[in-house]
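Inspection log for the structure reproduced underneath, given as C-alpha cells.
Chains as they are written, first to last, in this note's numbering: chain U, 142 to 530; chain Y, 2 to 416.
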C-alpha cells in the first residue's frame with residue numbers, strides 16, 4: 142500500500158455547464174468548446190484573462206490539441222492540460238486541475254470537453270481511433286465499440302447470469318430520469334418491452350443498449366474555496382479521486398476495471414464508504430459497464446451486479462439514485478463530453494443545482510469514468526467523490 | 002453445418018452491377034509484417050526474443066519486458082472462443098453488404114486474446130477453435146476462427162470465401178492450354194470444380210500429346226489467344242473478358258541462354274514479348290472487366306495468377322534472358338496487384354523452380370512435375386495465398402534468397 146494521499150484541502154469545483162446536445166452539427170469541436178468556455182465565464186462572472194489554467198478533452202479537435210485551442214480562443218494560460226481519456230476525462234481533468242490549483246500553478250482552471258458530430262465524423266473517428274483498433278479491430282467490420290461491448294456483455298452474461306431484463310431495467314430507469322433533464326436528446330419514455338423488442342445491433346446488444354453519438358460540450362471550474370465564495374458560486378469539495386490505466390492486462394477478457402485496484406484508496410482519501418454515497422453518476426456507454434462500476438466501486442460483489450440491479454430502483458426518487466441526467470444512454474454521447482457528463486451532473490447534485498433531477502439532501506456524490514477501447518477493452522478508469530460544502 | 006455452395010444463378014442484366022468495396026485496409030508497419038507472412042500462407046505473431054511473451058496486436062516493443070527484439074513466430078492457432086457476437090450493423094460499406102456477421106474473442110494457447118471472424122460452424126462461446134490467418138479482400142492479414150474439427154462443406158463458408166479464391170463453380174482462363182503446365186492446370190481446375198476452363202491456344206496447328214483428350218473434356222473450351230498479338234488478346238477479352246473469374250497466365254517463352262556469348266537480341270525480345278508484354282496485354286484487355294465484376298454474385302471474379310519463376314528473384318546466368326524476362330514480369334505483377342487491389346482481385350504469383358518440360362531436358366533433377374505445379378496453384382487459390390514457391394528447388398532458393406540475396410547471387414554462378 143502506498144502512502145496515504147494528501148487531500149485537496151480548500152480546492153473546490155464549481156460552475157457546471159452544458160452546451161445543449163444536438164444529434165448532428167455543421168460546427169467544429171472548437172465551436173462547442175468555445176461555447177463551454179463562454180458559459181463558464183458567464184456563470185462565474187470571471188473575465189477570460191482570469192482563466193490561467195485550461196484542461197481540454199475532445200476527439201474531434203484534430204488537427205488541433207489544447208495548444209491550438211489557446212490561440213483559437215485567445216487564452217494565455219500558464220497551465221494547460223490535454224486529456225485524451227475519453228470517458229474518464231472528466232475525473233482526470235478534475236484531479237489534475239485540483240492539484241495545480243492547490244499547489245499554486247494555476248488560480249482558476251477551466252475544464253472543458255466537447256465534440257462535434259458531423260454526418261460522417263463518427264465513422265472517420267472509429268477508423269483512426271487507435272493503432273491497435275486500426276490494425277486489429279476496425280478491419281473486421283466491427284464498426285466501433287458496439288462489437289467490443291457486445292463481446293464483453295455476452296461474456297458477462299454467461300459468467301454472471303445477467304439477463305437482458307437486468308440491463309433493460311437500467312436503461313428504462315435512466316430514461317425516466319432523462320425525462321426530467323432538459324438537455325437529454327431522448328424525450329420519450331422507454332418501456333422494458335420497447336427495450337427488449339428493439340432491433341439487434343450486435344448480439345446481445347439491442348438498440349437502446351448503445352449510446353447515440355451526438356455533438357455537445359460540458360465544463361466546470363476548479364478554484365479555491367474563498368475564490369468561489371467571492372464569485373458567489375455554489376461549489377463542491379473534492380473528497381477523493383482515483384485514476385488507473387490498463388489495469389489487469391493479463392485478464393483474457395475484461396470482467397473488471399481499474400476501480401477494483403483503487404477503490405479502497407478512493408474511499409480512504411474521502412473518509413467514506415460506498416454506503417455514504419447519496420447519488421452515483423457512472424459512465425454508461427453500454428449497460429454492462431454500469432455493472433462493472435457497481436462491482437468495481439464496491440456497491441456489490443464481483444459478478445453480483447445483476448442482483449444489485451434487481452434489488453434497486455435507479456430513479457431519482459428511488460433506492461439508489463443513479464445517472465440522474467439519464468446518462469449518455471438517454472442524453473446522448475457527445476464524444477469526450479460524455480466523459481464529463483457524470484461529473485458535471487454530480488456537481489449539480491451536490492451543489493443543489495440539479496433542478497428537476499435534484500435528489501434531496503445529497504451530501505456525497507460519486508462520479509466515475511471509463512474510457513478508450515484501445516483494442517479489446519477499456520483502458521482508462523477513474524472516480525471522484527464530491528462533497529457538499 | 003455450412004450450406005454447400007450452389008452454382009451462381011444467371012445474372013439478371015437489368016440489375017445494376019454491384020461495385021466492389023473493401024474492408025478497411027490501413028495498417029501500421031508492424032501489422033503489415035503479419036500480412037507478409039499470411040501472403041505466403043503462414044500465421045505468425047510476434048514473440049519476444051528476450052522473454053518469450055507472444056504479442057497481439059502487432060507492436061514495436063514487448064508488452065512484458067520492453068525489449069524491441071520481437072521475432073515473428075509461427076502460431077499453432079489453437080485457442081478457446083471466450084465470447085462471440087453476431088454483428089447486425091457496420092459503418093463500413095463492405096461490411097454493410099455482408100451483415101449479419103459473426104465475430105469472437107479467442108484466447109490463443111500462446112496467451113493472447115485475438116478478435117477474429119467466426120466461421121459459421123463455430124459453436125457459441127465457450128468452445129475450442131482453430132484460428133487461421135488469411136488475407137482479406139483488401140489484401141491485408143485478418144483472422145478467422147474455425148471449428149476445432151473439420152465440418153462438411155467447410156470451405157463454402159461465406160466469410161471464409163471472402164478470403165479465398167476457390168475455383169469451384171468459377172470460370173477460368175488458362176492462357177496457354179497446350180503446354181505441359183497448361184494442360185495440367187486445366188485438369189486440376191476441372192477437378193477442383195471449375196465451371197468452365199478456357200484454354201488459350203496460340204498455334205492451332207500444334208497438337209502436343211494429351212491435348213486432344215483435354216480439348217474433349219466437357220468443361221474445357223479451346224479459345225484462340227496469342228499473347229504476342231494485341232489484337233488477339235483484345236478479341237478474346239471482348240469475347241469472354243466479362244465472364245472470366247480467374248485468369249491464370251502460364252504462357253511463357255523459355256530458352257536457355259546467357260547474354261555475352263551469343264550475339265543478337267531476338268531470343269530475349271521473344272521472351273519479353275510473351276513473358277513481359279504478354280502480361281501487360283492481358284492486364285489491359287482483361288483487368289478492367291474483372292475488376293468490374295469483383296463483387297457480383299456469390300461467385301465473383303476473384304483472382305489472377307502469374308506463373309513466374311524462382312529465377313525472377315535471382316538470375317540463373319545460364320538462363321539469363323529468361324530470368325530477366327521473369328524478373329520484369331514479377332515487377333509488372335506488383336503493379337498489377339496494386340491496380341487490382343481496389344476491386345479485391347487477388348494477384349497470385351507462383352515462383353516455381355525448373356519445370357519438367359521440353360525446355361529443361363538438360364537440367365538435372367529435382368524438377369517440378371507440371372501436375373504438381375498445377376496442384377500448388379489450385380491450392381493457393383483455395384487457401385487464399387498470394388505467393389507460392391512450389392517444388393524443392395524453389396523452396397531451397399527462396400530460403401537462401403531470404404537469408405541473403407547477395408550470397409545467393411554468387412551461388413547461382415555455379416548452378
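Glycine is no exception: its CB is placed at the ideal position from the N, C-alpha and C atoms.
Beta carbon proximity, residue i to chain Y, threshold 8 Å
i              : result
residue 296(U) : yes
residue 176(U) : no
residue 256(U) : no
residue 267(U) : yes
residue 520(U) : no
residue 264(U) : yes
residue 394(U) : yes
residue 280(U) : yes
residue 308(U) : no
residue 427(U) : no
residue 273(U) : yes
residue 445(U) : no
First through last residue of the beta strand (DSSP E) which encompasses residue i
i              : result
residue 145(Y) : 142–148
residue 551(U) : Since the first residue of chain U shown is 142 and the last is 530, residue 551(U) is not available in this structure.
residue 172(Y) : 172–175
residue 201(Y) : 197–202
residue 350(Y) : 347–351
residue 224(Y) : 221–225
residue 102(Y) : 102–109
residue 473(U) : No beta strand (DSSP E) holds residue 473(U); DSSP gives it neither H nor E.
residue 261(U) : Premise fails: residue 261(U) is in no beta strand (DSSP E) and is neither H nor E.
residue 135(Y) : 128–136
residue 381(U) : 376–386
Sequence-distant residues of its chain with Cβ nearer than 6 Å to residue i (five each side left out)
i              : result
residue 326(Y) : 272, 273, 276 and 277
residue 206(U) : 223
residue 48(Y)  : 55, 72 and 74
residue 431(U) : 311, 423 and 425
residue 381(Y) : 349 and 389
residue 366(U) : 151 and 153
residue 392(Y) : 353, 354 and 369
residue 369(U) : 153, 155 and 376
residue 401(Y) : 409
Residues bridged to residue i [DSSP beta-bridge criterion]
i              : result
residue 75(Y)  : 45(Y)
residue 198(U) : 254(U)
residue 514(U) : 519(U)
residue 402(Y) : Paired residues: none, contrary to the question.
residue 239(U) : Note: residue 239(U) sits in no beta bridge, so no partner.
residue 117(Y) : 105(Y)
residue 305(Y) : 248(Y) and 348(Y)
residue 465(U) : For residue 465(U), which the question treats as bridged, DSSP gives no partner whatsoever.
residue 81(Y)  : 108(Y) and 129(Y)
Minimum Cβ-Cβ distance from residue i to chain U less than 8 Å
i              : result
residue 152(Y) : no
residue 93(Y)  : yes
residue 85(Y)  : yes
residue 27(Y)  : yes
residue 74(Y)  : no
residue 70(Y)  : no
residue 114(Y) : yes
residue 108(Y) : yes
residue 129(Y) : no
residue 89(Y)  : yes
Own chain partners of residue i with C-beta closer than 8 Å, once the 5 adjacent residues on each side are dropped
i              : result
residue 235(U) : 154, 252, 361, 363, 379, 382, 484 and 525
residue 352(U) : 425, 426, 427, 469, 470, 473, 474 and 479
Residue span of the alpha helix (DSSP H) that contains residue i, given as start and end
i              : result
residue 432(U) : 428–437
residue 254(Y) : Residue 254(Y) -> no alpha helix (DSSP H), and no H or E assigned at all.
residue 306(U) : 305–319
residue 321(Y) : 321–342
residue 534(U) : No information on residue 534(U) is available, as it lies outside the stretch 142 to 530 that chain U covers here.
residue 368(U) : 366–371
Own chain partners of residue i with C-beta closer than 7 Å, once the 5 adjacent residues on each side are dropped
i              : result
residue 42(Y)  : 384 and 386
residue 494(U) : 157 and 375
residue 400(U) : 434, 437, 438, 509, 522 and 524
residue 403(U) : 383 and 385
The ligand HEM heavy atom lying under 7 Å from the CB of residue i
i              : result
residue 370(Y) : Of ligands this structure carries none, so the ligand HEM is not represented either.
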